[in-house]
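**Student:** Structure incoming, see below.
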Amino acid sequence: MATPQTPYDAVLHAARDVTRLDCALDAEILGTALLGSVYAIAEDDRERAVREFVSGFLAATSRRRSAAATTIRLVFATLVPDAEGAARVKPGAHAPSWATQLGRVHLTGTYAYGDVYGDQTSYLATFAYGDSSGGPEHAVVALIDHNIGIAKDIFVGGPADRILDQVRQMCADDELTWFRTEDPARLRREVARHLAVTDALGDLPDEGSLATDRALFGARLALLPAPAGVPVAPAPVEPPSPAERTELIRAFLASPEAARHGLDRVDGDDLASLHFCLSLLLDHSASFPDADPLRWSPAVAGLFLLDWVHRRAVLDMDDAAMLPRVLRAWATYAARRRGLPSAAVEQTDSAIEEMIPEFARLYSTGERRSPATAAVAQLIADGVDPNDPEALDAWIEANRQRLGDDNA
Numbered sequence: 039m040a041t042p043q044t045p046y047d048a049v050l051h052a053a054r055d056v057t058r059l060d061c062a063l064d065a066e067i068l069g070t071a072l073l074g075s076v077y078a079i080a081e082d083d084r085e086r087a088v089r090e091f092v093s094g095f096l097a098a099t100s101r102r103r104s105a106a107a108t109t110i111r112l113v114f115a116t117l118v119p120d121a122e123g124a125a126r127v128k129p130g131a132h133a134p135s136w137a138t139q140l141g142r143v144h145l146t147g148t149y150a151y152g153d154v155y156g157d158q159t160s161y162l163a164t165f166a167y168g169d170s171s172g173g174p175e176h177a178v179v180a181l182i183d184h185n186i187g188i189a190k191d192i193f194v195g196g197p198a199d200r201i202l203d204q205v206r207q208m209c210a211d212d213e214l215t216w217f218r219t220e221d222p223a224r225l226r227r228e229v230a231r232h233l234a235v236t237d238a239l240g241d242l243p244d245e246g247s248l249a250t251d252r253a254l255f256g257a258r259l260a261l262l263p264a265p266a267g268v269p270v271a272p273a274p275v276e277p278p279s280p281a282e283r284t285e286l287i288r289a290f291l292a293s294p295e296a297a298r299h300g301l302d303r304v305d306g307d308d309l310a311s312l313h314f315c316l317s318l319l320l321d322h323s324a325s326f327p328d329a330d331p332l333r334w335s336p337a338v339a340g341l342f343l344l345d346w347v348h349r350r351a352v353l354d355m356d357d358a359a360m361l362p363r364v365l366r367a368w369a370t371y372a373a374r375r376r377g378l379p380s381a382a383v384e385q386t387d388s389a390i391e392e393m394i395p396e397f398a399r400l401y402s403t404g405e406r407r408s409p410a411t412a413a414v415a416q417l418i419a420d421g422v423d424p425n426d427p428e429a430l431d432a433w434i435e436a437n438r439q440r441l442g443d444d445n446a
């Protein structure tokens with residue numbers, strides 16, 4: 039057998055048995071898996087890369103007349119209908135009986151589920167073919183990670199009722215999860231905007247079926263109602279204004295959670311550390327796509343305490359001693375404000391307590407400081423006031439060679 043000479047030849051070879059598949063869904067799954075390799079290796083705008091590949095494939099194979107070639111062309115045209123030439127692709131003379139069912143599905147249900155903290159939301163839609171030759175009713179699922187603002191994984195599978203039953207049972211058995219019927223237009227909007235971020239990533243998440251199922255998922259998503267003209271989800275939460283930050287801090291310091299940790303009685307030099315720590319919590323929340331200062335979880339606390347604060351802030355010993363205490367009080371306060379179950383409150387508090395030794399170690403080693411943060415820390419350690427321009431210029435000049443070496 040001759041070695042394929044082009045990527046298009048390789049695809050034709052991989053799809054040589056497409057006509058032997060049992061149904062349209064199997065063919066669409068094969069097609070999306072083949073396009074997944076294109077999606078995975080693209081360096082940017084992965085959706086465009088797949089579209090351009092399909093356009094090139096359709097042009098390069100336009101004279102191929104074998105049943106396998108004409109069928110996989112039709113599969114690709116169905117999965118990526120906006121590719122150039124896709125609208126002109128027709129079933130071949132020897133196409134399988136199920137070829138007319140490719141992409142001919144209708145929506146049967148839309149749902150959402152996730153954790154009570156708001157770390158992740160999964161959106162699930164179910165579809166059925168108009169004819170049994172198309173294949174079984176199936177589900178598409180997108181996992182949205184709100185901490186990094188992307189569609190972290192997508193999945194296409196079936197039977198739809200089995201997947202839906204498993205999800206419902208999982209959420210019923212775990213008080214830290216929720217499940218609801220979702221508006222289809224909202225599902226499309228929320229998934230599409232997060233998937234657009236994923237499509238532009240330089241590196242994809244390592245696990246799951248994101249690449250292999252992307253084309254089929256996109257084709258199904260496009261069948262949902264467009265968001266315009268229907269009730270929409272609330273806009274992403276904006277960071278609080280300075281006045282709102284002040285009010286948040288005032289309300290927190292008057293709360294039973296602050297009193298429980300002795301923060302209502304802080305005075306003297308410790309008061310400056312307390313307010314600095316609170317400002318760090320609010321700044322960290324503002325770095326998230328939804329910017330909600332009351333959304334804290336074990337995962338968010340870990341991102342803050344074991345990574346973000348070391349890269350973004352310079353803490354003195356008083357700040358470092360104060361910060362975990364403030365975080366525990368704030369996370370408990372935020373959970374009460376959001377009405378989270380007691381199990382969620384306890385889980386987050388326990389997680390923070392377990393992180394404290396590692397936080398202290400990272401503080402002492404400075405190993406996660408950014409170059410800029412490390413420079414400011416050294417400046418303060420050398421007794422230089424960052425607010426004194428002359429002293430700052432003199433320090434920079436005296437340390438120019440060392441700073442250049444550090445940044446090399």
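Residues 39 to 446 (the working numbering) make up the sequence shown, in order.
We treat Cβ as the ideally placed atom computed from N, Cα and C, and that holds for glycine.
In angstroms, rounded to a whole number, what distance separates the CA positions of L361 and L259?
**Tutor:** Rounded to whole angstroms, L361 to L259 spans 44 Å at the Cα level.
**Student:** Report the start-end ranges of each beta strand (DSSP E) in the stretch 181-269 that is 3 residues or longer and not cut off at the edges.
**Tutor:** Fully enclosed beta strand (DSSP E) runs of 3 or longer: 188-195, 215-219.
**Student:** In the DSSP output, what is Q158 paired with across the bridge?
**Tutor:** Answer is D183, bridged to Q158.
**Student:** Among all the DSSP beta bridges, which residues are the ones paired with D153?
**Tutor:** BP columns for D153 point to T215.
**Student:** With DSSP run on the structure shown, which of helix, strand or coil describes T164?
**Tutor:** T164: strand per DSSP, three-state reduction.
**Student:** What's the C-alpha gap between V270 and G256?
**Tutor:** Because the pLDDT of V270 is 41, which lies under 50, any placement of that residue in the model is unreliable, and the number read from its coordinates should be weighed accordingly. Each residue's alpha carbon lies about 20 Å from the other.
**Student:** Do you know offhand how far A10's Cα is from L309's?
**Tutor:** This structure cannot settle anything about residue 10, because the visible part of the chain is limited to 39 through 446.
**Student:** V179 and L162 - do their beta-carbons sit closer together than 9 Å?
**Tutor:** Taking 9 Å as the Cβ cut-off, L162 and V179 qualify as a contacting pair.
**Student:** Taking Cβ positions only, does Q207 come closer than 9 Å to chain B?
**Tutor:** In the structure shown, chain B does not exist; there is a single protein chain.
**Student:** Using C-beta distances below 8 Å, list every residue in its chain close to L262, excluding the 5 sequence neighbours before and after it, in chain order.
**Tutor:** Once the five neighbours on either side are set aside, the close Cβ partners of L262 are L145, T148, A163, P222, A223, L225, R226.
**Student:** Can the beta-carbon of L68 be found less than 9 Å from the beta-carbon of V92?
**Tutor:** In this structure, V92 does not lie closer than 9 Å to L68 by Cβ.
**Student:** Does the stretch 114-133 come close enough to the stretch 54-74 to have 3 or more Cβ pairs within less than 8 Å?
**Tutor:** Because the criterion of three Cβ pairs below 8 Å is met, the stretch 114-133 and the stretch 54-74 touch.
**Student:** In the structure shown, what three-state DSSP assignment does A52 receive?
**Tutor:** A52 falls in the helix class under three-state DSSP.
**Student:** Going residue by residue through the stretch 346-381, where are the continuous beta strand (DSSP E) segments of at least 3 residues, counting only ones entirely within it?
**Tutor:** Those beta strand (DSSP E) runs which fall completely within the stretch 346-381 and span 3+ residues do not exist here.
**Student:** Of the residues F290, E282, G187, W334, which one's Cα is nearest the Cα of E384?
**Tutor:** Among F290, E282, G187, W334, the Cα nearest to that of E384 belongs to W334.
**Student:** What does a CB cutoff of less than 6 Å around P272 pick up in its chain, not counting 5 residues either side in sequence?
**Tutor:** Caution is warranted here: a pLDDT of 47 is assigned to P272, below 50, making its placement in the model unreliable, and no coordinate value can be reported.
**Student:** Would you call the stretch 197-204 and the stretch 236-249 touching, i.e. three or more CB-CB distances under 8 Å?
**Tutor:** No, the stretch 197-204 is not in contact with the stretch 236-249.
**Student:** Answer yes or no: do F193 and D244 have a C-beta to C-beta separation smaller than 9 Å?
**Tutor:** For F193 and D244, no; Cβs fall outside 9 Å.
**Student:** Identify, in the order they occur along the chain, each residue of the same chain with its Cβ nearer than 6 Å to the Cβ of A62, setting aside the five sequence neighbours on each side.
**Tutor:** So the qualifying residues of the chain are W136, Q139, L140, G172, G173.
**Student:** Is it right to say G300 is buried, meaning 16 or more other beta carbons lie within 10 angstroms of its own, or is it exposed?
**Tutor:** G300 is exposed by the Cβ-count criterion.
**Student:** Run through DSSP, which three-state label would H299 get?
**Tutor:** The answer is coil: DSSP assigns H299 none of H, G, I, E or B.
**Student:** To the nearest angstrom, how far is the alpha carbon of A47 from that of R103?
**Tutor:** Reading off the sequence, residue 47 comes out as Asp, not Ala. C-alpha separation (whole angstroms): 14 Å.
**Student:** Cβ of A328 within 9 Å of Cβ of H184?
**Tutor:** One point to set straight first is that residue 328 is Asp, not Ala, in the sequence displayed. Taking 9 Å as the Cβ cut-off, D328 and H184 qualify as a contacting pair.
**Student:** Report the three-state DSSP secondary structure of A97 (helix, strand or coil).
**Tutor:** Residue state, collapsed to three classes: helix.
**Student:** Leaving aside the five residues before and after A15 along the sequence, list all residues of the same chain whose C-beta is less than 7 Å from its C-beta, in chain order.
**Tutor:** The requested residue 15 does not occur in the structure, where the chain is confined to residues 39 to 446.
**Student:** Is the beta carbon of L181 closer than 9 Å to that of Q204?
**Tutor:** Not in contact: Q204 and L181 (Cβ atoms no closer than 9 Å).
**Student:** Can you give me the start and stop residues for the alpha helix (DSSP H) that R103 sits inside?
**Tutor:** Looking at the DSSP string, R103 is not in any alpha helix (DSSP H), and its letter there is neither H nor E.
**Student:** Determine the DSSP secondary structure at R176, reduced to helix, strand or coil.
**Tutor:** Correcting the residue identity first, residue 176 is His in this sequence and not Arg. Note: H176 maps to strand in three-state DSSP.
**Student:** Report the rounded CA-to-CA distance for M393 versus A249, giving the unit in angstroms.
**Tutor:** The alpha-carbon atoms of M393 and A249 are separated by roughly 34 Å.
**Student:** Within this structure, are the beta carbons of S323 and P336 separated by less than 9 Å?
**Tutor:** In this structure, P336 does not lie closer than 9 Å to S323 by Cβ.
**Student:** Could you check the C-alpha separation between R399 and A389 for me, to the nearest Å?
**Tutor:** Near 16 Å, if we compare the C-alpha coordinates of A389 and R399.
**Student:** Could you tell me if T44 is buried or exposed, where buried requires 16 or more neighbouring beta carbons within 10 angstroms of its beta carbon?
**Tutor:** Exposed.
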